[in-house]
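Q: Heads up: the sequence lines are chains W and S, in that order.
According to UniProt numbering, the residues represented by the first sequence are 1 to 288, in order.
According to UniProt numbering, the residues represented by the second sequence are 1 to 406, in order.
Glycine included, each C-beta is placed from N, C-alpha and C at the ideal position.
Keep in mind it's a predicted model, so treat the numbers as computed, not measured.
Below is a structure I'd like to ask you about.
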Amino acid sequence: MTPRLRKLPAVIAMTPTIFFVVVVIGFGLLWTLWTSFTSSKLLPNNDFVGLAQYARLFASDNWQVACVNVALFGVLFIGGCLALGYALAVALDQGIRFEDAFRTIFLMSASLSFVVTGIVWQWLFDPTFGIQAAVRDWGWTSFRFDWLTREETAIFALVGAGIWQATGMGMVIMLAGLRGIDQDIWNATRIDGIPAWRVYIHVIPAMIRPMIATAAVLLSLTAIKIYDLVVVMTGGGPGISTEVPAKYVMDMLFQRNNLGQATAAATIMLLAICLLVGLPWALLRRAK
Amino acid sequence: MSMMKKAALGGLAGLMLSTAAMAQDLSVEVYTNWVSGGESAALNAIAQAFEAKGGKWIDFAVPGDTVAPAISRIVAGDPMGAAKMQSTDLDELYKAGLLADIDQVATDGKWQERLPDFMWNAITRDGHVYGAPINSQSEVWLWYNKAVFEKLGLAEPQSYDELFASLDKIKEAGVIPFAVGGQDWQLNILFLKILAGVAPDVYLGLQGADYEAAINSDGFKQVAEIFGRLRGYDDEGSPGRQWNVAVNMVATGQAAMMVMGDWAKGEFTAAGQTAGKEYGCMLGPQGDSIILTGDMFIFPKIETQRPGQLLLAATMLEPATQVPFNIAKGSMPSTLDTDVTQMDACTQKAMAVLQDPAKRLPGLSYVMTPDRRAAISDAVAKYWSDEAAGPDALVAAMQEAFSSTN
Numbered sequence: 001m002t003p004r005l006r007k008l009p010a011v012i013a014m015t016p017t018i019f020f021v022v023v024v025i026g027f028g029l030l031w032t033l034w035t036s037f038t039s040s041k042l043l044p045n046n047d048f049v050g051l052a053q054y055a056r057l058f059a060s061d062n063w064q065v066a067c068v069n070v071a072l073f074g075v076l077f078i079g080g081c082l083a084l085g086y087a088l089a090v091a092l093d094q095g096i097r098f099e100d101a102f103r104t105i106f107l108m109s110a111s112l113s114f115v116v117t118g119i120v121w122q123w124l125f126d127p128t129f130g131i132q133a134a135v136r137d138w139g140w141t142s143f144r145f146d147w148l149t150r151e152e153t154a155i156f157a158l159v160g161a162g163i164w165q166a167t168g169m170g171m172v173i174m175l176a177g178l179r180g181i182d183q184d185i186w187n188a189t190r191i192d193g194i195p196a197w198r199v200y201i202h203v204i205p206a207m208i209r210p211m212i213a214t215a216a217v218l219l220s221l222t223a224i225k226i227y228d229l230v231v232v233m234t235g236g237g238p239g240i241s242t243e244v245p246a247k248y249v250m251d252m253l254f255q256r257n258n259l260g261q262a263t264a265a266a267t268i269m270l271l272a273i274c275l276l277v278g279l280p281w282a283l284l285r286r287a288k
Numbered sequence: 001m002s003m004m005k006k007a008a009l010g011g012l013a014g015l016m017l018s019t020a021a022m023a024q025d026l027s028v029e030v031y032t033n034w035v036s037g038g039e040s041a042a043l044n045a046i047a048q049a050f051e052a053k054g055g056k057w058i059d060f061a062v063p064g065d066t067v068a069p070a071i072s073r074i075v076a077g078d079p080m081g082a083a084k085m086q087s088t089d090l091d092e093l094y095k096a097g098l099l100a101d102i103d104q105v106a107t108d109g110k111w112q113e114r115l116p117d118f119m120w121n122a123i124t125r126d127g128h129v130y131g132a133p134i135n136s137q138s139e140v141w142l143w144y145n146k147a148v149f150e151k152l153g154l155a156e157p158q159s160y161d162e163l164f165a166s167l168d169k170i171k172e173a174g175v176i177p178f179a180v181g182g183q184d185w186q187l188n189i190l191f192l193k194i195l196a197g198v199a200p201d202v203y204l205g206l207q208g209a210d211y212e213a214a215i216n217s218d219g220f221k222q223v224a225e226i227f228g229r230l231r232g233y234d235d236e237g238s239p240g241r242q243w244n245v246a247v248n249m250v251a252t253g254q255a256a257m258m259v260m261g262d263w264a265k266g267e268f269t270a271a272g273q274t275a276g277k278e279y280g281c282m283l284g285p286q287g288d289s290i291i292l293t294g295d296m297f298i299f300p301k302i303e304t305q306r307p308g309q310l311l312l313a314a315t316m317l318e319p320a321t322q323v324p325f326n327i328a329k330g331s332m333p334s335t336l337d338t339d340v341t342q343m344d345a346c347t348q349k350a351m352a353v354l355q356d357p358a359k360r361l362p363g364l365s366y367v368m369t370p371d372r373r374a375a376i377s378d379a380v381a382k383y384w385s386d387e388a389a390g391p392d393a394l395v396a397a398m399q400e401a402f403s404s405t406n
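Right under this line is the structure:
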């Protein structure tokens, strides 16, 4: 077989994929971009209005709140998942008994959908029904746990539920990194008399940087497209205090029949995702 | 090929043949997002009346509160024969020339005399009729628990001052005075209810070109103040609460009263209660003008289903369809001359008031784009959840909501 013939099955196998990527995703992207420059409402039209949709978008209260929220959510959620995930990974790395069982338990929440997580945490956070009501029934009557129903704190309730859900995934990725550390490193630090906790804080993170970057990128994708958790837990409320960009797009698209706004917001989200995914990898490459 | 697949393919082919054969017949494919128990029972009432006249009903129901599935099919040139929408969705489809008129049906059925004026205007464009309004829903009901009122010796309040006096007494007695579902659309219903009662002229003013005058009026500020005062009478679990949960709080006596559209009756009925016995419905405390919203069907251009479309449109507004449909749906007939003696006490009360044309206030869905409506509910919900905000904050937010949308 000539080399070209040998490649033929691969070409045949890939052609439909390439076709769909180009046509469906490529065309979809271009159409979205174009529509964001038009005055489209319920039906798409070709009435060019320049940057008017973007002007309205950035002047909108909902969008501003949404951007602040997703940034806050992103930083706390990714930071929380990485820190907690690393701590759990280190704990599991101590050669403890039943490690497999623990790993499965910690990872279990990641197999749930955000809708399930959202409902469970909504119940837990509900002041008349969840943790607050339970603790008050036990006799501590001034106990307050009403994050979800207050404007200033509702976003942190979302962060909490998000971290509970996604920590396991960060843990598994970083645990894989820890398993890849050469035993010689440990021997060397032991000879130098460096306590293990200092090695875990100062030495190991630099060595498993690719794993941390992978986990961070995966988590940041979850964070930027966060939608289901918000819809289930707060619906964007109280008021508009937990609006997020993905919800803005969906509301504009399906409730408010405003294609122009929806596509403008979606375009900005796409730009943000490109930056977020590109940045860690670029930094990593430079570090090498 | 497995037997299952063969059978399925055979069935599919059969289905296609039969639809092709029916094409000249009276078949109509109908889009709705009515999938819950009561809703599909209501839909069945139409389908049965339609099929009794020889029509063939093809169901296209997609759950979710959006018209997007229907729109994408209509735009793609594969329309269904009828679709449930709101009149503000009608505009763009009409301008794009995608809708079929039902002029003859409307003339034969004397729709112009039988429907409220605003509803007639909402379905007509340039002298042609494009929609069949299937129901009216009043969104101004104050529901209350009669047992709680009796125990505390309270009568139906006749003004907002009396209402707040009652609310204070209820609070002292340790009952939640006001059950609130703290979602934007529910808060919006509460706000608009107060507006329609206290300042109906402002409510109508918001729908016109000079909305700024309405927003800056004293009436608006007074309503914002009353609405804001109510924040002190809900319970801490209200943010994000579903409407049916709030209704149940009143039904069980956990809370004394609440405001919701007439679909709340469904929940009381499910709890085994009857209007006027265990629970009361009132249009006040101040003013009894009624905000009417409702659903309508539009008929996209599709020649093969044209005969069916006309039959379906005619069937929809007949009293024999309106009464069973609206009993199942928990709403009122859109045709105000329909005999409602078979229906519940609240519907009869509302229908009596609605005989006076001045009491009929068009719901925002007849006159405003969904974009602006959503901006209004955002402003209202934001005002509600910020307990420190005064009436001026709502005035400013409302102005912003109007100026950013059209």
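Who are the Cβ neighbours of residue 159 of chain S in its own chain at under 7 Å, not counting the five residues just before and after it?
A: Within the second sequence, the letter at position 159 stands for residue 159 of chain S. Excluding sequence neighbours, residue 159 of chain S sits near 285 and 286.
Q: So, is the C-beta of residue 84 of chain S closer than 8 Å to a C-beta in chain C?
A: The chain inventory of the structure shown lacks chain C, comprising the protein chains W and S.
Q: Just verifying my parser: in three-state terms, what is the DSSP assignment at residue 59 of chain S?
A: As a first step, residue 59 of chain S must be located in the second sequence, where it is residue number 59. In this structure, residue 59 of chain S counts as strand in the three-state DSSP scheme.
Q: For residue 150 of chain S, count the other beta carbons within 10 Å of its own beta carbon; 16 or more makes it buried, fewer makes it exposed. Which is it?
A: Position 150 of the second sequence, counted from the start, is the residue given in the question as residue 150 of chain S. Looking at its Cβ environment, which holds fewer than 16 other Cβ atoms inside 10 Å, residue 150 of chain S is exposed.
Q: For a minimum of 4 consecutive residues, which ranges assigned as the alpha helix (DSSP H) are wholly contained in the stretch 324 to 402 of chain S?
A: The stretch 324 to 402 of chain S contains these whole alpha helix (DSSP H) runs: 345 to 354, 364 to 367 and 370 to 385.
Q: Residues in the same chain with beta-carbon distance under 7 Å from residue 387 of chain S, minus the five sequence neighbours each way, listed in chain order, please.
A: Walking along the second sequence from the start, residue 387 of chain S turns up at place 387. Only 231 meet the Cβ criterion.
Q: From residue 12 of chain S to residue 309 of chain S, what does the alpha carbon distance come to, in whole angstroms?
A: On the second sequence, position 12 is the one that residue 12 of chain S refers to. On the second sequence, position 309 is the one that residue 309 of chain S refers to. Only weak support exists for where residue 12 of chain S lies, its pLDDT of 47 falling under 50; the coordinates are left without a value.
Q: DSSP on residue 491 of chain S, reduced to helix/strand/coil?
A: Missing from the structure shown is residue 491 of chain S; chain S here goes from 1 to 406 and no further.
Q: Give a yes or no on whether the minimum CB-CB distance between residue 30 of chain S and chain W is below 8 Å.
A: Locating residue 30 of chain S in the second sequence gives position 30, counting from the first residue. Taking 8 Å as the threshold, the shortest C-beta distance from residue 30 of chain S to chain W does not fall below it.
Q: Would residue 163 of chain W and residue 77 of chain W be called neighbours here (beta carbons separated by less than 8 Å)?
A: Counting from 1 along the first sequence, the entry for residue 163 of chain W is found at position 163. Counting from 1 along the first sequence, the entry for residue 77 of chain W is found at position 77. With respect to the 8 Å criterion, residue 163 of chain W and residue 77 of chain W are classified as neighbours on the basis of their beta carbons.
Q: What's the gap between the Cα of residue 117 of chain W and the Cα of residue 108 of chain W?
A: For the purposes of this step, residue 117 of chain W is identified with residue 117 of the first sequence, where counting begins at 1. For the purposes of this step, residue 108 of chain W is identified with residue 108 of the first sequence, where counting begins at 1. The alpha-carbon atoms of residue 117 of chain W and residue 108 of chain W are separated by roughly 12 Å.
Q: Can you look up residue 252 of chain W in the DSSP assignment and give me helix, strand or coil?
A: Residue numbering aside, residue 252 of chain W sits at position 252 when the first sequence is read from its first letter. When DSSP states are grouped into helix, strand and coil, residue 252 of chain W belongs to the helix group.
Q: CB residue 398 of chain S to CB residue 215 of chain S, shorter than 8 Å?
A: Along the second sequence, one-based indexing puts residue 398 of chain S at 398. Along the second sequence, one-based indexing puts residue 215 of chain S at 215. A contact, by the Cβ cut-off of 8 Å.
Q: Find the residues of chain W that neighbour residue 382 of chain S, judging by a C-beta separation of less than 7 Å, and give them in chain order.
A: Within the second sequence, numbered from 1, the residue matching residue 382 of chain S stands at position 382. Within chain W, 239 and 240 have C-beta atoms less than 7 Å from the C-beta of residue 382 of chain S, given in sequence order.
Q: Does DSSP put residue 23 of chain S in a helix, a strand or coil?
A: Within the second sequence, numbered from 1, the residue matching residue 23 of chain S stands at position 23. Bear in mind that a pLDDT of 45 at residue 23 of chain S, under 50, signals an unreliable position, so the model cannot answer this.
Q: For residue 138 of chain S, does the three-state DSSP call read helix, strand or coil?
A: The residue labelled residue 138 of chain S in the question sits at position 138 within the second sequence. Of the three classes helix, strand and coil, the one that applies to residue 138 of chain S here is strand, per DSSP.
Q: Using a C-beta to C-beta distance shorter than 9 Å, which residues of chain W count as neighbours of residue 184 of chain S?
A: Taking the first residue of the second sequence as position 1, residue 184 of chain S is located at position 184. Near residue 184 of chain S (Cβ distances below 9 Å), the residues of chain W are 235, 236, 237, 239 and 240.
Q: Could you work out which residues of chain S lie near residue 48 of chain W, taking near to mean beta carbons separated by less than 9 Å?
A: Along the first sequence, one-based indexing puts residue 48 of chain W at 48. Within chain S, no residue comes near residue 48 of chain W; the closest Cβ sits about 17 Å away, beyond 9 Å.
Q: Quick check on residue 157 of chain W - is its C-beta less than 8 Å from some C-beta in chain S?
A: Along the first sequence, one-based indexing puts residue 157 of chain W at 157. No, no contact with chain S.
Q: Can you give me the Cβ contacts of residue 163 of chain S inside the same chain, cut-off strictly under 6 Å, excluding the 5 residues immediately before and after it?
A: Taking the first residue of the second sequence as 1, we reach residue 163 of chain S at position 163. 157 and 285, listed in sequence order.
Q: Would you list the residues sitting across from residue 176 of chain S in a DSSP beta bridge?
A: As a working mapping, residue 176 of chain S is identified with position 176 in the second sequence. According to DSSP, which records beta bridges pairwise, residue 176 of chain S is partnered with S/255.
Q: Please classify residue 139 of chain W as buried or exposed, where buried requires at least 16 neighbouring CB atoms within 10 angstroms.
A: Within the first sequence, numbered from 1, the residue matching residue 139 of chain W stands at position 139. So residue 139 of chain W counts as exposed.
Q: Are residue 361 of chain S and residue 136 of chain S close, meaning C-beta to C-beta below 8 Å?
A: As a first step, residue 361 of chain S must be located in the second sequence, where it is residue number 361. As a first step, residue 136 of chain S must be located in the second sequence, where it is residue number 136. Going by C-beta atoms, residue 361 of chain S is not nearer than 8 Å to residue 136 of chain S.
Q: For the ligand GDP, is there any heavy atom lying closer than 7 Å to the beta carbon of residue 20 of chain W?
A: As presented, the structure is devoid of all ligands, the ligand GDP included, so that no description of it is given.
Q: For my contact list, residue 244 of chain W and residue 230 of chain W are in at a C-beta cut-off of 8 Å; report their separation, rounded to the angstrom.
A: Numbered from its first residue, the first sequence carries residue 244 of chain W at position 244. Numbered from its first residue, the first sequence carries residue 230 of chain W at position 230. Indeed, because the Cβ distance is near 5 Å, the residues count as touching under 8 Å.
Q: Per the contact definition of three or more C-beta pairs closer than 8 Å, is the stretch 175 to 186 of chain S in contact with the stretch 379 to 396 of chain S?
A: yes
Q: Below 8 Å, how does it come out for the stretch 220 to 230 of chain W and the stretch 6 to 25 of chain W: are there three or more Cβ pairs, yes or no?
A: Contact fails between the stretch 220 to 230 of chain W and the stretch 6 to 25 of chain W, because fewer than three Cβ pairs, one in each stretch, are under 8 Å apart.
Q: Quick check on the DSSP output: the beta strand (DSSP E) that includes residue 80 of chain S runs from which residue to which?
A: Counting from one through the second sequence, the residue named residue 80 of chain S turns up at place 80. No beta strand (DSSP E) holds residue 80 of chain S; DSSP gives it neither H nor E.
Q: Going by alpha carbons, who is nearest to residue 204 of chain S out of S/118, S/239, S/102 and S/274?
A: To locate residue 204 of chain S, count along the second sequence from 1; it is residue 204. With distances taken between Cα atoms, residue 204 of chain S lies closest to S/118.
Q: Let me confirm a value: residue 281 of chain S is counted as buried when at least 16 other C-beta atoms fall within 10 Å, else exposed. Which label applies?
A: In the second sequence, counting from the first residue as 1, residue 281 of chain S sits at position 281. Burial call: buried.
Q: Residue 236 of chain S by DSSP, collapsed to three states: which one?
A: Taking the first residue of the second sequence as position 1, residue 236 of chain S is located at position 236. Three-state DSSP puts residue 236 of chain S in coil, outside helix and strand.
Q: Report the CB separation of residue 143 of chain S from residue 257 of chain S in whole angstroms; it is logged as a contact under 8 Å.
A: Locating residue 143 of chain S in the second sequence gives position 143, where the first residue counts as 1. Locating residue 257 of chain S in the second sequence gives position 257, where the first residue counts as 1. Correct: roughly 6 Å between the Cβ atoms.
Q: Against chain S, with Cβ distances strictly below 8 Å, would residue 43 of chain W count as a contact?
A: For the purposes of this step, residue 43 of chain W is identified with residue 43 of the first sequence, where counting begins at 1. Closer than 8 Å: yes.
Q: Just to make sure I have the definition right: I need the residues of chain S whose C-beta is within less than 9 Å of the C-beta of residue 71 of chain W. Which are they?
A: Within the first sequence, residue 71 of chain W is the residue found at index 71, counting from 1. Result: empty, since nearest Cβ-Cβ is about 20 Å, beyond 9 Å.
Q: For residue 59 of chain W, would you say it is in contact with chain S, using Cβ-to-Cβ distances shorter than 8 Å as the test?
A: Here residue 59 of chain W corresponds to residue number 59 of the first sequence, with the count starting at 1. Taking Cβ atoms only, chain S reaches closer than 8 Å to residue 59 of chain W, which makes this a yes.
Q: Is it right to say residue 283 of chain W is buried, meaning 16 or more other beta carbons lie within 10 angstroms of its own, or is it exposed?
A: Position 283 of the first sequence, counting from 1, holds the residue named residue 283 of chain W. Exposed is the call here.
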